[in-house]
Structure formats: structure tokens, C-alpha cells
Amino acid sequence: MAPERVRFAPSPTGMFHVGSARTALYNWVVARQSGGAFILRIDDTDEERNREDWVDGILSALRWLGLTWDEGPIRQSSRLERYREAAEKLLASNQAYWCDCTRAAVDARKPPGAPPGYDGFCRDRNLGPGPGRALRFRVPDRDVVVEDLVRGSVTFPAGSIEDFIVVKSSGQPLYVLANVVDDVDFAITLVLRAEEHLPTTPKAVLLHEALATTPPRFAHLSFLVNAQRQKLSKRRDRVAVEDYRALGVLPWALLNYLALLGWSPGGDEEFFSREELIERFDLARLQHAPAFFDERKLLAFNQHYLAEASSEDLIEAGHDLFAAIGALDDEDRRSRLRELLPLVAPRVRTLAEAAAMSRFLFREPEVPADEVETLPPEASSWLGAAEDALSTLEPFDAASIEASLRRLASSLGTTLRALQAPIRLATTGARVGPPLFAALELLGRAATLRRLERLIERLGARGPRAE
Ligand code: GLU
């Protein structure tokens with residue numbers, strides 16, 4: 050396989066989107082598997098829509114995902130001179146012309162029912178540059194064919210592409226021109242990007258012809274859609290990579306899941322390591338049907354990777370979440386968290402859930418009033434009996450706690466399961482959580498007894514339940 054020079058070229062106009070993460074991943078994989086280069090370009094020529102903090106967001110998301118680039122970031126805003134040179138070339142060869150038409154003037158000229166787009170009014174007016182004048186490309190009157198690795202030959206019939214603007218009247222070169230110049234200057238061999246760019250691709254093909262440069266190959270990736278089969282949208286759907294990061298989705302879980310949206314390994318396998326993906330990924334297996342971005346499935350992938358990860362890796366990945374519950378305040382706490390996490394990880398889908406489920410070990414739980422209400426009338430006396438049994442238990446470890454509570458349950462004429470419910474609520478503040486006996490061992494005797502006592506007091510204050 051020949052080394053591919055690929056680029057990922059986000060525009061810094063919003064949060065980094067899961068669709069962008071997928072595009073970046075595929076480009077990165079192609080560069081790695083072909084021994085080529087992954088180039089990061091920031092498409093920041095649109096001054097009105099760009100923001101510097103979005104650039105930071107892109108870099109930080111790519112670093113977090115581990116998609117390291119070999120060249121760049123190349124800022125289009127620093128290359129305006131190159132785009133102007135290309136515009137000059139088009140003008141000098143009469144393949145571009147100045148135009149002073151406003152959109153309103155174009156519309157006013159059109160007979161009813163005329164096709165949309167520019168009517169070529171200034172084509173032969175030989176205008177020079179000046180205020181309010183944009184530079185338009187003279188589109189030849191013939192079909193344009195785009196060869197796409199995913200879609201095959203796509204024909205754009207003669208007349209379907211208007212004489213498009215390459216430099217705005219403000220002097221700002223447009224993306225369509227900048228992109229062509231950059232792809233040539235950085236010797237890009239393959240453009241792998243979202244389907245929404247397919248309509249501008251014939252324009253790129255024409256510009257390459259006009260500038261006598263060789264176009265890269267193209268592959269346009271399918272759309273990501275939501276459960277209603279609508280294109281994923283920032284307004285409707287959770288799409289920001291940052292949001293999944295904050296939830297505690299592991300970067301590789303996200304990438305492994307995204308890898309399968311629009312590409313198929315050709316079997317039922319779903320879980321791949323980075324190395325396996327680099328080995329298996331095949332451009333010939335890109336799919337054109339829209340791919341359903343299913344958050345539930347993503348979280349199932351994350352659950353799989355959480356259950357496999359070591360405690361230290363989980364702590365590192367969820368550092369801020371665990372710091373927020375006080376679990377990383379000192380070495381003793383950290384080591385108790387390390388012991389708890391293997392019990393918690395198989396029961397959660399995100400690190401945020403893992404932190405919530407671990408919180409009881411480091412913070413006094415707030416037992417919700419509505420949960421207290423659901424306890425049976427015997428709860429108070431059961432808790433008292435458990436307090437007695439556990440106060441002298443030796444050793445205070447999971448096996449002895451289980452044996453002791455099992456004996457207690459049978460002497461109280463109830464089940465171990467029923468007895469555990471108020472104990473779990475008192476000590477962890479929740480009805481579900483890690484295996485109780487191991488959790489109590491980690492919590493320690495003193496805290497366990499204190500929490501049982503607190504709930505007994507609350508139940509006493511509740512008084513006898515009305516039947
Ligand atoms: N800057 C474009 C975008 O963010 C990508 C253009 C390209 O890949 O050619 O959608």
C-alpha cells in the first residue's frame with residue numbers, strides 16, 4: 050500500500066462533533082496503516098464564524114482521543130497569500146472574472162421559474178477589481194465527473210454548477226479555493242471527509258484543472274443519523290465529544306464504536322484495539338448508507354472497556370470525576386478507590402456513574418427521603434440488630450460480614466436480600482451499588498456503625514407507619 054498523505058481539516062466553528070471524530074479517526078488510520086502522514090489543517094478563513102477557543106477544543110479533543118498528527122496544525126488564515134496567488138493565476142488565464150452583482154440584482158433579473166444560482170451576467174463585462182467586487186470562477190459548459198471511492202462516478206451535469214465565487218468582495222478567499230491550494234501544497238493524496246462536501250467536490254475538480262494541478266482521490270463518508278433517521282444535529286442530539294468525555298466515556302471506546310459507523314470489518318467482531326483497527330481497516334469496505342449513531346450502543350461499548358480496564362487506568366481516565374468525590378485527596382483514599390473500582394466498574398456504563406457509585410466511600414451519603422419511605426416497618430429493628438452483630442464482628446471483612454448477616458437474617462425470620470436493603474441504603478445512600486459486604490469492609494466498621502445509627506434515628510423520627 051502506497052503511503053497516503055491525508056488531512057483532517059476541521060473548521061473551528063463549534064464544539065468538536067462525534068462525526069468529526071470519526072472523520073479524523075479514519076484519516077489517522079489510513080495514514081498509520083500506509084506509513085504515510087496525518088496532517089492537521091485548521092480551516093479558519095471564515096473570520097465571522099471562527100473562534101480561537103474552538104481551535105483549542107479541536108486540539109484538546111484530538112489529543113484526548115490519541116489521534117496524534119504528524120504535520121500541522123496548518124492554519125489557513127496564515128496562507129492567504131498563497132490563495133491570492135492562485136486567484137491571480139485564474140484571472141490571468143481568463144478562468145475567473147470580477148463581478149459586482151448583488152444577490153438582489155441577480156434575483157431581480159431572473160424570469161419566474163429560472164434555476165437558482167448566478168446567471169453569468171458579468172462573464173464578459175471585463176470588470177477590474179474594486180470595492181464590492183467578487184472574483185468568480187468561469188465554469189465550463191460541460192459535465193463534471195467526480196470519482197469517489199465510496200460512491201463511484203458521480204456526474205454533475207453541465208449547467209448544474211454556477212460560476213462560483215473564489216474570492217469574496219471583502220478580499221477573503223473562499224474555502225473552495227483555499228482547500229484546493231492546500232491539498233496541492235501539502236501533497237495530499239486522499240481526501241476522506243464527510244458526505245456534505247460532495248457537492249463542492251466538482252468545483253475542486255474544476256479548479257485543479259484550471260490550475261493544472263493533480264487532484265487527490267476522494268472518499269465521502271456517509272452521514273451519521275439519529276434514531277429518527279435525521280442527520281445528527283447539534284441542536285437535537287448529544288454530539289459533542291466534550292460531553293462524552295465529561296460523562297466518562299473512554300476515548301478508545303468512543304473511537305472503536307465510531308469506527309463501525311460507516312465501515313464494516315466484514316464479520317461480527319466489534320471490539321478492536323488500535324493496532325487491530327489499523328491492520329483491518331479497509332477503504333474498500335466504507336459504506337454509503339447513513340449510519341445510526343446510537344448512544345446506548347456507545348455506552349455499551351464503554352461498559353465493555355470499563356470492565357476490562359485496570360483501576361489505575363480508570364482513575365487516570367476519570368481523574369476529575371474521582372477528585373470531585375474526594376477519592377484522590379490522599380494515598381489512603383486512592384488505594385481504597387483502587388480496591389473498590391473492580392467491584393463498581395462492571396455495574397456502570399460511564400465513569401460519571403462509577404464516581405457516583407463510589408462516592409459513599411469518601412462522603413457521608415444523603416439518604417433520599419422517598420427511599421426511606423419505602424423501607425418496611427421492621428427496618429429499624431433490623432438495623433439495630435445488624436449494628437449489634439457488626440459491632441463485635443472479627444475480622445471485619447466481606448466473608449465474615451456476609452456470614453454474620455446471613456445468620457442474623459435467619460434469626461430475624463427474613464431473607465438476606467431483604468435485610469441488605471436498609472443496610473445498603475444506610476451505608477451507601479442508594480438502592481443499587483457494588484456488592485454490599487465488600488463495600489462495608491472497605492468502608493470500615495466505625496463508618497458502617499455510624500451510618501446504621503443515623504438511619505435508625507431517622508426512622509425513629511418517622512414514627513410508626515400508618516397502615
Ligand atoms: N473544513 C471543512 C469542515 O470542517 C472540511 C473540509 C474538508 O475536509 O475538505 O467541514
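Going by the numbering used here, the first residue of the sequence shown is number 50, and it counts up by one from there. Where is the CB? At the ideal position from N, CA and C, for every residue including glycine. None of these values were measured; they are calculated from a predicted model.
Residue span of the beta strand (DSSP E) that contains residue i, given as start and end
{"i": "H269", "result": "266-270"}
{"i": "L239", "result": "239-243"}
{"i": "F350", "result": "Looking at the DSSP string, F350 is not in any beta strand (DSSP E); the run it does join, the alpha helix (DSSP H), is 344-357."}
{"i": "A183", "result": "183-186"}
{"i": "E96", "result": "E96 -> no beta strand (DSSP E), and no H or E assigned at all."}
{"i": "Y48", "result": "Look at the range of the chain in this structure, 50 to 516, and you will see that residue 48 is not part of it."}
{"i": "E120", "result": "120-124"}
{"i": "L89", "result": "86-91"}
{"i": "T204", "result": "201-205"}
{"i": "D156", "result": "From DSSP, D156 is part of no beta strand (DSSP E) but of the alpha helix (DSSP H) over 152-158."}
Beta-carbon contacts of residue i that lie in its chain and below 7 angstroms, excluding the five residues immediately before and after
{"i": "P483", "result": "L389, L392, V393, R396, M406"}
{"i": "A13", "result": "In the structure as shown, the chain starts at 50 and stops at 516, and residue 13 therefore has no counterpart that could be examined."}
{"i": "D173", "result": "none"}
{"i": "V78", "result": "L326, I327, F330"}
Cβ distance (whole Å) where residue i is taken to contact residue j below 8 angstroms
{"i": "R81", "j": "I237", "result": "Actually they do not touch by this definition, with Cβ atoms about 16 angstroms apart."}
{"i": "A253", "j": "F186", "result": "Contact flag wrong, Cβ pair sits at about 11 angstroms."}
{"i": "W147", "j": "L108", "result": "The pair is not a contact, with the Cβ atoms about 38 angstroms apart (cut-off 8 angstroms)."}
{"i": "S271", "j": "A333", "result": "Not confirmed; about 15 angstroms, so no contact."}
{"i": "E291", "j": "A110", "result": "7 angstroms"}
{"i": "R294", "j": "T72", "result": "With a Cβ gap of about 18 angstroms, R294 and T72 do not count as contacting."}
{"i": "P471", "j": "L424", "result": "5 angstroms"}
{"i": "R182", "j": "A207", "result": "That pair is no contact at about 27 angstroms."}
Separation of residue j from residue i, as counted between CA atoms
{"i": "N143", "j": "S83", "result": "40 angstroms"}
{"i": "R257", "j": "D369", "result": "Reading off the sequence, residue 257 comes out as His, not Arg. Rounded to the nearest angstrom, the two C-alpha atoms are 49 angstroms apart."}
{"i": "F445", "j": "S360", "result": "24 angstroms"}
{"i": "L347", "j": "A302", "result": "7 angstroms"}
{"i": "R412", "j": "A467", "result": "25 angstroms"}
{"i": "S282", "j": "A86", "result": "30 angstroms"}
{"i": "E506", "j": "V421", "result": "12 angstroms"}
{"i": "V155", "j": "A163", "result": "11 angstroms"}
{"i": "E244", "j": "H269", "result": "5 angstroms"}
{"i": "V199", "j": "R385", "result": "51 angstroms"}
{"i": "A487", "j": "A447", "result": "5 angstroms"}
{"i": "A261", "j": "G316", "result": "43 angstroms"}
{"i": "E516", "j": "E319", "result": "With a pLDDT of 39 at E516, under the threshold of 50, the predicted position of this residue should be treated as unreliable, and no value is reported."}
{"i": "S430", "j": "N275", "result": "51 angstroms"}
{"i": "T463", "j": "R499", "result": "24 angstroms"}
{"i": "R112", "j": "L184", "result": "39 angstroms"}
{"i": "H337", "j": "G311", "result": "7 angstroms"}
{"i": "R131", "j": "A153", "result": "32 angstroms"}
{"i": "G509", "j": "L116", "result": "58 angstroms"}
{"i": "L504", "j": "E451", "result": "20 angstroms"}
{"i": "Y224", "j": "P264", "result": "16 angstroms"}
{"i": "L494", "j": "A404", "result": "The sequence given here places Arg at residue 494; Leu does not occur at that position. Going by the C-alpha atoms only, they are around 22 angstroms apart."}
{"i": "R278", "j": "D197", "result": "24 angstroms"}
{"i": "A428", "j": "L485", "result": "17 angstroms"}
{"i": "R455", "j": "L465", "result": "6 angstroms"}
Residue i - containing alpha helix (DSSP H), residue span
{"i": "A236", "result": "Segment: none, A236 is in no alpha helix (DSSP H) and carries neither H nor E."}
{"i": "F486", "result": "485-492"}
{"i": "E328", "result": "323-329"}
{"i": "D369", "result": "368-373"}
{"i": "I210", "result": "Run containing I210: none; DSSP gives neither H nor E here."}
{"i": "W147", "result": "From DSSP, W147 is part of no alpha helix (DSSP H) but of the beta strand (DSSP E) over 145-148."}
{"i": "R71", "result": "67-83"}
{"i": "R456", "result": "447-461"}
Other residues of its chain near residue i: CB distance less than 8 angstroms, five sequence neighbours each side excluded
{"i": "R133", "result": "V216, P222"}
{"i": "L299", "result": "N351, Y354, L355, A358, A366, L400"}
{"i": "F235", "result": "R54, R56, I88, R90, E120, I123"}
{"i": "D93", "result": "S60, P61, N99, V104, R124, Q125, S126"}
{"i": "G106", "result": "P61, M64, F65, E291"}
{"i": "L474", "result": "V416, E420, V421, L424, R480, L504"}
Nearest candidate by alpha-carbon position, reference residue i, set the options
{"i": "L492", "options": "R382, S430, V225, L508", "result": "R382"}
{"i": "F409", "options": "F320, A438, T262, T497", "result": "T497"}
{"i": "L247", "options": "V194, N275, T262", "result": "V194"}
{"i": "T250", "options": "V230, F267, T263, L239", "result": "F267"}
{"i": "G68", "options": "R112, R287, E137", "result": "R287"}
{"i": "Q469", "options": "G181, E443, E436", "result": "E436"}
{"i": "E415", "options": "R455, A372, R480", "result": "R480"}
{"i": "P178", "options": "E211, L140, L485", "result": "L140"}
{"i": "W118", "options": "V188, A58, D102, T151", "result": "A58"}
{"i": "F205", "options": "V188, A376, N228", "result": "V188"}
{"i": "L226", "options": "N76, D190, K138, D419", "result": "K138"}
{"i": "P564", "options": "T151, L377, P160", "result": "The chain is shown only over 50 to 516; residue 564 falls outside these bounds and no answer can be derived."}
Residue i beta carbon near ligand 3 (any heavy atom closer than 7 angstroms)
{"i": "D92", "result": "Ligand 3 is not among the ligands present in this structure, which contains only ligand 1."}
Sequence-distant residues of the same chain with beta carbon closer than 6 angstroms to residue i, five excluded per side
{"i": "L296", "result": "T399, A401"}
{"i": "L442", "result": "S449, S453"}
{"i": "V240", "result": "P265, F267"}
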